[in-house]
Each structure stands twice: as structure tokens, then as C-alpha cells.
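The structure under discussion appears below in the form of C-alpha cells.
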Amino acid sequence: MASAQDSVAFLTALSTDGSVDGSVPPLAVYTGENIFGRDDCHVFGKKISRKHLRLTAWSDEREDHFDVYVGDVQVAILSNYMVDVDWILSECPLLRRIPVIMIHGERGGSLDLLNNRKSKNWVLYQPPLPISFGTHHSKAMLLLYETGLRVVVHTANLIHADWNNKTQGLWMQDFPRKTSLTHRVSSGFEEDLVEYLTHLKVRLVASVPGYHRDRDISKFGHMKMLQLLKDERFDSDFVRSPLVFQFSSLGSINEQWIDEMRSSMSAGKTTSGDDLGIGEVSFVWPTVEDIRCSLEGYAAGNSVPSPQKNVKAVQKSYWAKWRADHCGRGRAMPHIKTYARYNGQTLAWFLLTSSNLSKAAWGSLQKQNSQLMIRSYELGVLFLPSTVQRAVGSTFSCTGNAHSKEIGRAEASTFSENEYQQLRGRPGRLVTTNWEDDPSFEPFARLPVPYSLPPPRYGPRDVPWSWDCVYTKPDIFGEVWPRDVQFYAAQGPM
1 MASAQDSVAF LTALSTDGSV DGSVPPLAVY TGENIFGRDD CHVFGKKISR KHLRLTAWSD
61 EREDHFDVYV GDVQVAILSN YMVDVDWILS ECPLLRRIPV IMIHGERGGS LDLLNNRKSK
121 NWVLYQPPLP ISFGTHHSKA MLLLYETGLR VVVHTANLIH ADWNNKTQGL WMQDFPRKTS
181 LTHRVSSGFE EDLVEYLTHL KVRLVASVPG YHRDRDISKF GHMKMLQLLK DERFDSDFVR
241 SPLVFQFSSL GSINEQWIDE MRSSMSAGKT TSGDDLGIGE VSFVWPTVED IRCSLEGYAA
301 GNSVPSPQKN VKAVQKSYWA KWRADHCGRG RAMPHIKTYA RYNGQTLAWF LLTSSNLSKA
361 AWGSLQKQNS QLMIRSYELG VLFLPSTVQR AVGSTFSCTG NAHSKEIGRA EASTFSENEY
421 QQLRGRPGRL VTTNWEDDPS FEPFARLPVP YSLPPPRYGP RDVPWSWDCV YTKPDIFGEV
481 WPRDVQFYAA QGPM
């Protein structure tokens with residue numbers, strides 16, 4: 001609904017393949033107040049949230065929608081970079097009533113606002129940053145229930161724009177409380193924790209600020225990835241297969257450091273013991289045109305921060321396009337960060353992380369490769385073939401909505417005990433949602449990789465986004481860049 005005036009745009013329905021669905025009439029968008037959606041949401045100035053619009057069928061599947069905070073949460077430990085207190089409390093009123101520990105990366109006026117607006121039941125903690133230009137960038141949640149613990153690793157800041165207008169990633173798993181049968185009184189905290197996490201369906205890849213040497217050099221950053229991949233065995237299909245780095249902030253990097261990252265990410269052997277070999281790398285990064293035509297227009301560029309000097313330092317042969325129409329996320333600009341090795345629609349491994357492509361996040365080798373220097377806190381989850389095997393038959397949930405949905409041909413809960421044992425003895429497989437091969441009868445996990453594989457390379461007219469450039473061609477809201485209004489207060493890696 002709108003006042004009688006000329007329309008400025010139209011909303012059109014899309015089919016699952018990204019084409020326009022002509023059976024659904026387009027909705028006109030007008031200057032001023034618009035009312036759209038199932039909740040009769042009032043929207044001003046043509047800026048329409050995806051939350052109130054139907055996306056493609058793929059992204060509207062019921063299985064893809066769940067509430068992280070469902071159920072009787074007793075304690076919440078939240079880790080993030082940016083925190084909008086008013087927004088998170090309005091979205092999750094539960095956090096007004098239970099003990100909350102907020103580990104954050106806010107500074108200056110944003111930190112003052114956080115202190116002034118937080119609930120009395122909140123405890124704030126800002127981790128030390130021993131090396132300059134570092135940030136606390138890890139994004140995770142630990143939710144304690146009466147029956148167990150929910151662990152969530154994700155990519156979104158705790159602000160409205162991140163959860164409503166962007167492409168993000170989230171992984172979660174529930175762990176049961178220890179019982180008298182599983183807890184040994186003589187075991188120490190470390191042994192308990194290690195035993196507890198042996199049931200993890202993924203591997204954690206973290207970054208911690210510092211100068212890491214000797215045994216510690218393989219505990220964090222890209223050297224942790226190298227160690228985990230070295231210990232895994234992969235199908236021979238992934239020998240010299242390509243790598244994809246997808247991120248939403250680009251640091252100051254050079255070819256030497258790119259080779260360092262590529263070497264770590266190319267680690268691993270086949271089941272016969274041969275090295276996988278170095279893979280060709282693609283950097284998935286939005287073009288200026290992607291940002292201009294996105295759901296937020298140029299405003300989306302606030303959360304894709306990289307100056308032109310950093311972008312120009314990267315050879316154009318690395319750049320690949322953000323193409324996500326197959327999952328209804330083509331115009332929802334990525335704030336998700338992922339790294340993967342693939343062959344077609346099959347994945348050797350897949351990493352969902354807070355780490356952007358920067359030395360601060362991943363670390364850089366120093367002193368003849370004897371020391372890894374990291375500036376920031378980061379956290380990610382690594383999916384490996386071996387983790388697929390561990391996931392078979394694992395259905396525990398604190399709330400009934402967190403167990404594996406697709407391990408094998410059907411939901412895990414439909415397998416008999418004999419079938420469980422057969423599946424556990426077979427190599428696992430990671431595939432994208434576009435994978436159409438016959439799964440036979442082997443354990444596999446479908447991962448909703450939000451961009452096309454292989455990602456299409458930049459064309460001769462494509463220009464990678466830089467947030468400090470001037471763009472005079474109007475976006476979908478008629479705005480140019482830079483704009484006076486800023487939706488992100490921070491100037492860091494997001």
C-alpha cells in the first residue's frame with residue numbers, strides 16, 4: 001500500500017533457479033511508506049527488510065528455519081565483535097532474565113553505550129589485545145540448558161543489519177550433560193573437556209593473538225588448518241583440486257602471504273598416501289555492481305570493508321563473483337566467511353569462520369617460519385570427511401531442533417542399528433546442496449554453500465568493491481557512494 005504516486009521500483013518473485021516467476025504479480029514500491037509482507041510491516045523510504053519478504057523456495061524450506069534460543073536457556077555466554085544491546089534484547093527478551101556473559105570487541109563510544117544500555121544480569125568482558133591493530137572478532141554462543149549445552153559458531157555481529165539483510169552462516173551442536181556413568185571423579189578439567197568434545201561433529205579452528213612458537217605454532221590460524229588437513233585422508237578426486245576463499249573484509253596482503261595461505265590450505269593426502277598438491281585459488285568478493293544492486297544498495301558496502309590499496313594489491317586473476325541465486329541470496333551481500341577445497345559439487349573440506357582474508361586473522365610466519373604472529377581472536381568450524389562419520393547416529397538435542405537432518409539417504413533417525421554400523425565403517429562425503437549424484441548408501445552431509453561452485457571469474461568490466469572509492473551511478477534507492485548515513489559504527493574487519 002502506498003500513496004498515489006509514481007512507483008520507483010518493483011518486487012518480483014523468483015523461481016528456485018533465480019529466474020522471474022511470472023505467475024506472481026510484481027509489487028510496486030513507492031517513495032515514502034510502504035506496507036508489505038505477512039505481518040503488514042510498515043516500511044519507510046523504500047528500504048525493505050528481507051525478513052518480511054518471501055525468498056525463493058530453497059531458502060523458505062522449513063528445515064532451514066529454526067530459533068537458536070528456543071527452549072529453557074539457563075545461562076548464555078555470547079562472543080562477538082559488535083553488539084547492539086537494544087536490538088538483541090528486543091529480538092531475544094530471554095536475555096533480560098537469565099545470566100549473560102558478553103565477550104565483545106567494542107571500543108570508544110560504542111563501548112560506553114554498551115555499558116549504559118546492558119541489563120543488570122549481564123557481565124561484560126573485553127579480552128586483551130597484546131598486539132596492535134587486533135580485534136576480538138570471534139562470533140559464538142554457549143547456551144546452557146537443563147539437559148545439556150548448545151554450542152553455536154556463526155558469522156554475524158549482534159546488530160539488526162547482519163541478521164536481516166546479509167548472507168550469514170551458522171553452525172550449532174548440542175551436547176548432553178555428563179552423567180554418573182560418563183563422569184570420572186579422578187579426571188581433571190582438561191581431560192573432561194577433551195573427552196566431552198570428542199563427540200564434536202566438526203573441528204574447531206581458532207586464532208588467538210600472540211607470537212606462537214614451537215609446539216604452539218600449529219595450534220592456531222592457518223597453521224592449525226595445515227595440521228588438521230595433514231592428519232586427514234581424502235579421495236583422490238581432490239588431487240590438485242581448486243580452493244575457494246570467500247570473505248567480507250580484505251587486509252593488506254601480498255603474493256608471498258597468499259602462497260603461505262595456499263600452502264596450508266592445500267595440505268592433506270589421499271587414502272593411498274599421495275599429497276593432494278597445491279590448488280588454484282579463487283577469491284569470492286562482490287563487485288561494485290553487486291553492491292549497487294543489492295538489497296541495501298551501496299549501504300551494503302559498509303560491511304564489506306577494504307580500501308582500494310588492498311584491493312589493487314591482489315591480481316585480478318584471483319577474483320571470482322558472488323553468485324548465489326540458486327539459494328535466494330544473490331542480492332543479500334555476504335558477511336559469511338568460508339574456505340573450501342572442492343571438485344564439482346563435492347567438498348574435500350569446508351570451513352565456516354569469522355576469519356577474513358588478513359594476516360591479523362590467520363597469522364603470518366616470521367623468523368624463517370619458526371613463529372606465527374596473530375593479532376586477532378577468531379573462531380571457525382571445519383567440516384571433514386571423518387566428521388561426517390562421527391555424525392552418523394548422533395541425534396541428541398537440548399530442544400529437539402538441533403540434530404543432523406541429512407546423513408545418508410534419509411534422516412539419521414530412520415536408520416536401524418545395523419545400518420548405523422555399516423555407515424560408520426564407510427568414508428564420509430561432504431557435498432553441496434546442488435549435488436545430484438546418486439548417494440548410493442554411504443554417509444554424506446549436504447552443506448548449504450551459498451555461492452556457485454566453481455565460482456565464475458571476473459569479466460573484463462567487473463570491478464571489485466572498495467569502500468573508499470566514489471561511485472556516482474545511483475543504486476536501487478537512487479543513492480550514490482559515499483553516503484552520509486553509516487549503518488556500521490566500527491571501522492574494522494566486521
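Residue 154 in full-length UniProt numbering sits at position 154 of the sequence shown, and the numbers go up by one each step. Using N, Cα and C, we set each Cβ at its ideal position, and we do this for glycine too.
With fewer than 16 other beta carbons inside 10 angstroms of its own, residue 396 counts as exposed. Contact between residue 432 and residue 453 holds: their C-beta atoms lie close to 6 Å from each other, under 8 Å.
DSSP places residue 148 within a strand segment (E or B) once states are collapsed to three.
Here the region 363-372 makes no contact with the region 130-143; the two share fewer than three CB pairs at distances below 8 Å. In the DSSP assignment, residue 86 falls within the alpha helix (DSSP H) that extends over 85-91.
When only Cα atoms are considered, residue 383 and residue 428 end up about 11 Å apart. With a cutoff of 9 Å on beta-carbon distance, residue 101 and residue 75 are scored as near each other. The beta carbon of residue 158 sits closer than 8 Å to the beta carbons of 78, 80, 82, 83, 84, 87, 88 from its chain, once the five residues preceding and following it are set aside; these are given in chain order. In terms of Cβ geometry, residue 285 and residue 319 form a close pair [threshold 9 Å]. DSSP lists 79, 153 as the bridge partner or partners of residue 140. Per DSSP, the continuous beta strand (DSSP E) segment holding residue 174 begins and ends at 170-176. If you draw a straight line from the Cα of residue 476 to the Cα of residue 20, it is about 18 Å long. When DSSP assignments are scanned along the region 227-262, the uninterrupted stretches of beta strand (DSSP E) that are 3 or more residues long and fall wholly within it turn out to be 243-246.
Straight through space, the alpha carbons of residue 326 and residue 368 are spaced by roughly 45 Å. If you look at residue 289, you'll find it in the alpha helix (DSSP H) that goes 288-292.
If you ignore the 5 residues before and after residue 143, its C-beta comes within less than 6 Å of the C-beta of 73, 76, 150, all in its own chain and listed in chain order.
In this structure, residue 464 lies near residue 314, with their beta-carbon atoms less than 9 Å apart. Of the candidates 333, 275, 467, 398, the residue whose Cα lies closest to the Cα of residue 146 is 398.
The beta carbon of residue 288 sits closer than 7 Å to the beta carbons of 463, 465, 471 from its chain, once the five residues preceding and following it are set aside; these are given in chain order. Residue 115 and residue 295 do not touch by the CB rule: their CB atoms are close to 32 Å apart, not below 8 Å. With contacts defined as CB atoms closer than 9 Å, residue 252 and residue 310 qualify as a contacting pair.
When DSSP reads this structure, residue 320 sits in a beta bridge with 284, 457.
Assignment of beta-bridge partners to residue 334 by DSSP yields 167. Note on geometry: alpha-carbon atoms of residue 265 and residue 435 lie some 23 Å from one another.
For residue 362, the three-state secondary structure derived from DSSP is helix.
Taking the C-beta atoms as reference points, residue 202 is found nearer than 9 Å to residue 387. Under DSSP, residue 275 takes part in a beta bridge, and its partners are 269.
Taken atom to atom, the span from the alpha-carbon of residue 445 to that of residue 205 is near 20 Å. If you look at residue 371, you'll find it in the beta strand (DSSP E) that goes 371-374. Per DSSP, the continuous alpha helix (DSSP H) segment holding residue 311 begins and ends at 308-312. Under the three-state reduction of DSSP output, residue 218 falls in the helix class. Check the Cα spacing between residue 103 and each of 92, 94, 125: the tightest is with 125. Ranked by how close their Cα comes to the Cα of residue 123, the residues 131, 97, 109 have 97 in first place.
With fewer than 16 other beta carbons inside 10 angstroms of its own, residue 255 counts as exposed. One Cα belongs to residue 331, the other to residue 324, and the distance between them is close to 8 Å.
Counting along the chain, the unbroken beta strand (DSSP E) around residue 352 starts and ends at 346-353.
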